[in-house]
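Report on the structure given below.
Numbering (the working numbering), first residue to last: 1 to 167.
Given below as structure tokens:
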């Protein structure tokens, strides 16, 4: 089984309800994700987004740049929520989404990977380690990063919060 980084845009009202009713949130998020599986909207149009297995490498690369927002894991846990895959879901408030979108826009993909080689990810035991041990290109990670930027931009533009989970 794989660990996939997933994001879901929530309106302020949806976030408020999710914080009060984690069971509702689980069902709502699953329905949104399922609803977009076949559609595959562009990141700037989507309510859901996945970074596949690149989530851990993105976390590693963003942390080394002292990125101001934890866009990979979220910053606050939804109180009372159960394990939704690999731990409870977390979220970013609309204000933190806006800060993340601004920081993402100011961080080109080349800066993200500047001075980093696959061997560095393998040495840091970044998931999925076998990929980095084989020396595969960091293009996989930058491709997911490039899609994450317009997704966050659209969420910030619309004043949305962001639910983040590993599934």
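Don't be surprised by glycine CBs; every beta carbon is placed ideally from N, CA and C.
Cβ-based neighbour list, residue i, same chain, cut-off 6 Å, excluding 5 preceding and 5 following
i           : result
residue 144 : 51 and 54
residue 238 : The question about residue 238 has no answer, for the chain in this structure spans 1 to 167.
Check whether residue i and residue j have beta carbons under 8 Å apart
i           : j           : result
residue 156 : residue 101 : yes
residue 7   : residue 48  : yes
residue 153 : residue 35  : no
residue 17  : residue 89  : no
residue 160 : residue 68  : no
residue 163 : residue 33  : no
residue 138 : residue 78  : no
residue 135 : residue 147 : no
residue 61  : residue 141 : yes
Residues bridged to residue i [DSSP beta-bridge criterion]
i          : result
residue 6  : 50 and 165
residue 92 : 162
is_contact[residue i, chain B] using C-beta, thresh 8 Å
i           : result
residue 142 : Of the chains in the structure shown, none is chain B; there is only one protein chain.
Same chain only: Cβ atoms within 7 Å of residue i, ignoring 5 sequence neighbours per side
i          : result
residue 9  : 47, 155, 160 and 162
residue 84 : 26, 165 and 167
residue 96 : 69 and 75
residue 58 : 51, 72, 141, 144 and 145
Cutoff 8 Å; reference residue i; Cβ partners in own chain excluding five residues on either side
i           : result
residue 81  : 22, 25, 26, 88 and 89
residue 113 : 61, 138, 141 and 142
Run through the region 116 to 163 for me and flag every whole alpha helix (DSSP H) of 4 or more residues, listed as ranges in chain order. Along the length of the region 116 to 163, whole alpha helix (DSSP H) runs at least 4 residues long occupy 118 to 123, 129 to 133 and 139 to 157, reported in chain order.
Curious, which full-length alpha helix (DSSP H) runs of at least 4 residues does the region 8 to 84 contain? You should have 12 to 20, 22 to 37 and 55 to 64.
Taking contact to mean 3 or more Cβ pairs, one atom from each stretch, closer than 8 Å, check whether the region 120 to 136 and the region 69 to 86 are in contact. Verdict: no, contact absent.
Does the pairing of the region 93 to 109 with the region 22 to 34 give three or more beta-carbon distances under 8 Å? With a cut-off of 8 Å on Cβ pairs, the region 93 to 109 is not in contact with the region 22 to 34, counting fewer than three such pairs.
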